[in-house]
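As structure tokens, the structure follows; a few thoughts come after it.
What follows is the structure in structure tokens.
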């Protein structure tokens, strides 16, 4: 199931980026599950990773390699997270990098490993040894859609987005792919995103641009930030478009790029929620009226409440559960004045001044809840800051998927 | 469904306490849904209520009445929470008290109102006006089991416990009933508990004793403390047993009483989890090794993780999800050393030193997860404090119950 989302079928290549996929048989039969992505010399890569203290071996190795040099190759496998695997897991992640380095004539530090899937099992290294030469022989520029498919785990839809924007009279392209369908509850090996652009971005601005974009996209579909064991999001700039280096964050050209990047990451983040495990609804929760941090806490509390989510699944305008979630949100002192709380869902005013709106009719609420896409607007006080969270409902299918995931 | 729990069939009366039930037709057809409980002159009552800032009208009225005088009567209805109902809701809660006060010759302040059920609907006051005289005519001493049944909402089992303990050579009795089956996600009108004892407890110790007992029982099945809109737990001491007043908290007699009260509230709290919505497993999570507060946060994070809970439902020893939950728990700085983390489930050592225990076999994990009752012991560092949380699994039935609750 997914809400208003279809498999990506076309993504433009990025000059300087090549990729290959193969069916390595790591976990799944009869489908590609291993991706090699290479980026040309002179490319720069920014990287954002999970903050979970129980981070997987590839997360640790990728972090260390990224700190020591600019990456030239990414090896990504689906089906096995290589997390909770101790020293053997670290050794295996290092060996993955070495296999690619030998094949491509790089140093191991120039290779970043990524894994997603089940926690607590060792990688079948013989499958990697056998597959890496195959991957090298298949490298080509047009592999983005195949890569988007190969990194899927419980995803039902291959996710990819591109954007083209004119900067200094040249067409700049951004292409990105993502996998993940459990980010609403970010405690699983869920989200991987790889983005590339041909724009020339100064290295010191690349990381800043990515962090800014992630803050307003992927971090809006989590509670605690990127807390799964394996989450990672990378942005590579190959710089092959012939425009001046984007090296000042207050320049109009950089602002154009940042805006495009934000839009791309938001679309990818929303596509993860649209394909959330068992999702039948796509829900945007907007909370305004007090400090941003407190608005975010309230939005997340609503978005994660199992009772709100089951009501959304049922299409039951049980707005009392939203009020109860607001009431228990762990915010600072007087951030919420219950007597000022309003709730508007798909333009239907349901709660005003902390109680049922006088003109509210259940049939109007029912119409709003019947929609596959809902916007829940909540005002909790007099301020003007706003926080946004995207989420899904909690369905039988969610329970089935997660009860059956390893079987 | 419930796990290892049956309807209570017998509860001893408490000298000085009378009760009555009737089918008022507030929400349910063909069952009792309204309870009147009276306590004799000279009784003292301690009260603990929800901390949810969006608290229901009866919670506000009961709090105010309890602060002004000692209660003589409790009126409890099931099916309608009288929450999110504004000034009308407050007026209705006051009228409930007045109806009882007139009938029994009390002041309205001597009556405490309690409501549980759906949020956001006004109480049908004509049902109360009609029913209160009936309730008065039915008052008798042996109504505890009937009352336990009448306060149920989504509960599948009527919950009650009693304990008798010898203090100063006299038999002291404690009898308690509870309703609630959604406290694992404490954002619904869930938990009501009424306890009475014939022991003479000094008023200043009664509240302390109740708060102490609640901390180690009902607060162990919640994340944020008592955060539903309507939760309340009361303890009445009628003092009819002829022993000396228990007026010092370091006396052996009071310690006996406190121990009995703790045991009674823990059994009631666990019975709420055993009857949790859709529960097929009863799970105790013990986390030790660092500050109590951090242990509690980790235990709650595990207990509330939808991925852990669906794995428990499936009987899938997917211990990686427990490690991932530990890894994302919002604890202070270095409270967790992942390299020291151990996980033992029903005596099966699964994780040691942050990775798979060398002698672990999946078949042993499977045997542990196949049990209806699980104990998850987690060690996260070298300290010796321990926090305990009781929880249930997340099943299809949970989704069904909460998707269908209002329909």
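Protein chains in written order, with my numbering: chain A, 78 to 484; chain B, 78 to 484. All C-beta atoms in this analysis are idealised placements derived from N, C-alpha and C, irrespective of residue type, glycine included.
Answer with buried or exposed for residue 262 of chain B, where buried requires no fewer than 16 other C-beta atoms within 10 angstroms of its C-beta. The residue you call residue 262 of chain B lines up with position 185 of the second chain. Because residue 262 of chain B sits at a pLDDT of 44, beneath the cut-off of 50, its placement in the model cannot be relied upon, and the point is left open.
In chain order, what residues of the same chain lie with their CB nearer than 7 Å to the CB of residue 202 of chain B, ignoring the 5 residues before and after it? Taking the first residue of the second chain as position 1, residue 202 of chain B is located at position 125. Excluding positions up to five away in sequence, the list reads 169, 172.
Answer with yes or no whether the minimum CB distance from residue 405 of chain B to chain A is below 7 Å. Here residue 405 of chain B refers to the residue found at position 328 of the second chain. Cβ-Cβ to chain A under 7 Å: yes for residue 405 of chain B.
Relative to the C-alpha of residue 191 of chain A, which residue among A/390, A/309, A/197 is closest? Here residue 191 of chain A is taken as the residue at index 114 of the first chain, counted from 1. Of A/390, A/309, A/197, the residue nearest in Cα terms is A/309.
Please report the residue range of the alpha helix (DSSP H) in which residue 149 of chain A lies. The residue you call residue 149 of chain A lines up with position 72 of the first chain. For residue 149 of chain A, no alpha helix (DSSP H) encloses it, and the DSSP letter there is neither H nor E.
Where residue 66 of chain B falls: helix, strand or coil (DSSP): Outside the shown range of chain B (78 to 484) lies residue 66 of chain B, about which nothing can therefore be said.
How about the region 307 to 327 of chain B and the region 416 to 425 of chain B: do they share at least three Cβ pairs that are nearer than 8 Å? Judged by Cβ distances under 8 Å, the region 307 to 327 of chain B makes no contact with the region 416 to 425 of chain B, as fewer than three pairs qualify.
Taking only runs of the alpha helix (DSSP H) that begin and end inside the region 341 to 424 of chain A, which ones reach a length of at least 4 residues, in chain order? Within the region 341 to 424 of chain A, the complete alpha helix (DSSP H) runs of at least 4 residues are 369 to 381, 383 to 391, 397 to 405.
Taking 8 Å as the limit between beta carbons, can you name the residues of its chain near residue 393 of chain B, skipping five residues before and five after? Here residue 393 of chain B refers to the residue found at position 316 when the second chain is read from its first residue. Cβ neighbours of residue 393 of chain B beyond the five flanking positions: 446.
Relative to the C-alpha of residue 145 of chain B, which residue among B/184, B/177, B/166, B/110 is closest? Here residue 145 of chain B refers to the residue found at position 68 when the second chain is read from its first residue. Looking at B/184, B/177, B/166, B/110, the one whose alpha-carbon comes closest to that of residue 145 of chain B is B/184.
With DSSP collapsed to three states, give me the class of residue 201 of chain A. To locate residue 201 of chain A, count along the first chain from 1; it is residue 124. Residue 201 of chain A: coil per DSSP, three-state reduction.
Examine chain B for any beta-carbon lying closer than 7 Å to the beta-carbon of residue 118 of chain A, and answer yes or no. As a first step, residue 118 of chain A is located in the first chain; it is residue number 41 there, counting from the start. By this cut-off, residue 118 of chain A is not an interface position.
Proximity of residue 315 of chain B and residue 117 of chain B at Cβ, strictly below 7 Å: The sequence position of residue 315 of chain B within the second chain is 238, counting from 1. The sequence position of residue 117 of chain B within the second chain is 40, counting from 1. Taking 7 Å as the Cβ cut-off, residue 315 of chain B and residue 117 of chain B qualify as a contacting pair.
To the nearest angstrom, how far is it from the Cα of residue 330 of chain B to the Cα of residue 360 of chain A? Residue mapping note: residue 330 of chain B aligns to position 253 of the second chain, counting from 1. Residue mapping note: residue 360 of chain A aligns to position 283 of the first chain, counting from 1. Inter-residue distance for residue 330 of chain B and residue 360 of chain A is about 56 Å (C-alpha atoms, whole angstroms).
Would you call residue 373 of chain B buried or exposed, if buried means 16 or more other Cβ atoms sit within 10 Å of its Cβ? To locate residue 373 of chain B, count along the second chain from 1; it is residue 296. The residue is buried, with at least 16 neighbouring Cβ atoms inside 10 Å.
Contact check, residue 351 of chain B vs residue 79 of chain B, beta carbons under 7 Å: Working through the second chain from its first residue, we reach residue 351 of chain B at position 274. Working through the second chain from its first residue, we reach residue 79 of chain B at position 2. A distance below 7 Å separates the beta carbons of residue 351 of chain B and residue 79 of chain B.
Beta-carbon gap between residue 189 of chain B and residue 251 of chain B smaller than 7 Å: As a first step, residue 189 of chain B must be located in the second chain, where it is residue number 112. As a first step, residue 251 of chain B must be located in the second chain, where it is residue number 174. No, the pair does not count as a contact, with Cβ atoms beyond the cut-off.
Residue of A/389, A/231, A/103, A/357 minimising C-alpha distance to residue 199 of chain A: The residue you call residue 199 of chain A lines up with position 122 of the first chain. The closest CA to that of residue 199 of chain A, considering only A/389, A/231, A/103, A/357, is found on A/103.
Counting only the same chain and skipping the five closest in sequence on each side, list residues whose C-beta sits under 6 Å from that of residue 84 of chain A. Position 7 of the first chain holds residue 84 of chain A. Within the same chain, residue 84 of chain A has close Cβ partners 234, 235.
Just confirm the distance between the C-beta atoms of residue 353 of chain B and residue 444 of chain B, as a whole number of angstroms; I'd bet it's less than 8 Å. The residue you call residue 353 of chain B lines up with position 276 of the second chain. The residue you call residue 444 of chain B lines up with position 367 of the second chain. Cβ atoms of residue 353 of chain B and residue 444 of chain B stay farther apart than 8 Å, at about 24 Å.
Counting only beta-carbon separations shorter than 7 Å, does residue 473 of chain B have a partner in chain A? By one-based count along the second chain, residue 473 of chain B stands at place 396. Judged by the 7 Å Cβ criterion, residue 473 of chain B is in contact with chain A.
Using 7 Å as the threshold, is the C-beta distance between residue 284 of chain A and residue 139 of chain A below it? Taking the first residue of the first chain as 1, we reach residue 284 of chain A at position 207. Taking the first residue of the first chain as 1, we reach residue 139 of chain A at position 62. No, they are not a contact pair.
Determine whether the beta carbon atoms of residue 115 of chain A and residue 150 of chain A lie at a separation below 7 Å. Looking up residue 115 of chain A in the first chain gives position 38. Looking up residue 150 of chain A in the first chain gives position 73. Residue 115 of chain A places its beta carbon less than 7 Å from that of residue 150 of chain A.
Cβ closer than 8 Å: which chain B residues qualify as neighbours of residue 433 of chain A? Counting from 1 along the first chain, the entry for residue 433 of chain A is found at position 356. What residue 433 of chain A touches in chain B: 161, 162, 163, 197.
So, helix, strand or coil for residue 165 of chain B, using DSSP? Position 88 of the second chain, counted from the start, is the residue given in the question as residue 165 of chain B. Three-state result, residue 165 of chain B: helix.
To the nearest angstrom, how far is the alpha carbon of residue 224 of chain B from that of residue 120 of chain B? One-based indexing of the second chain puts residue 224 of chain B at position 147. One-based indexing of the second chain puts residue 120 of chain B at position 43. When the Cα atoms are used, residue 224 of chain B and residue 120 of chain B turn out to be separated by approximately 20 Å.
If you pair each beta-carbon of the region 84 to 97 of chain B with each one of the region 374 to 381 of chain A, do three or more pairs fall below 8 Å? Using a Cβ-Cβ distance cut-off of 8 Å, the region 84 to 97 of chain B and the region 374 to 381 of chain A are not in contact, since fewer than three pairs of beta carbons, one from each stretch, lie closer than that value.
Are the C-beta atoms of residue 476 of chain A and some chain B residue less than 7 Å apart? What you label residue 476 of chain A is simply residue 399 of the first chain in a count that begins at 1. Under the Cβ distance rule, residue 476 of chain A counts among the residues neighbouring chain B, one pair being separated by less than 7 Å.
For residue 180 of chain A, the three-state DSSP class (helix, strand or coil): Residue numbering aside, residue 180 of chain A sits at position 103 when the first chain is read from its first letter. Residue 180 of chain A: helix per DSSP, three-state reduction.
What is the rounded straight-line gap between the Cα of residue 464 of chain A and the Cα of residue 410 of chain B? Along the first chain, one-based indexing puts residue 464 of chain A at 387. Along the second chain, one-based indexing puts residue 410 of chain B at 333. When rounded, the separation of the alpha-carbon atoms in residue 464 of chain A and residue 410 of chain B is 27 Å.
When burial is assigned at 16 or more other CB atoms within 10 Å of the CB, is residue 451 of chain B buried or exposed? For the purposes of this step, residue 451 of chain B is identified with residue 374 of the second chain, where counting begins at 1. Burial call: buried.
Chain A contact for residue 397 of chain B (CB, 7 Å cutoff): Counted from its first residue, the second chain places residue 397 of chain B at position 320. Nearest CB-CB separation between residue 397 of chain B and chain A: below the 7 Å threshold.
In chain A, which residues lie less than 9 Å from residue 422 of chain B when you measure between Cβ atoms? Position 345 of the second chain, counted from the first residue, corresponds to residue 422 of chain B. Here the premise fails: no neighbours, minimum Cβ distance about 14 Å.
DSSP on residue 480 of chain B, reduced to helix/strand/coil? Taking the first residue of the second chain as position 1, residue 480 of chain B is located at position 403. Residue state for residue 480 of chain B is assigned as helix, using DSSP reduced to three classes.
Span of the alpha helix (DSSP H) holding residue 446 of chain A? Residue mapping note: residue 446 of chain A aligns to position 369 of the first chain, counting from 1. DSSP places residue 446 of chain A inside the alpha helix (DSSP H), whose first and last residues are 439 to 447.
Of all the CB atoms in chain B, is at least one closer than 7 Å to the CB of residue 200 of chain A? For the purposes of this step, residue 200 of chain A is taken as the residue at position 123 of the first chain. So, not an interface residue.
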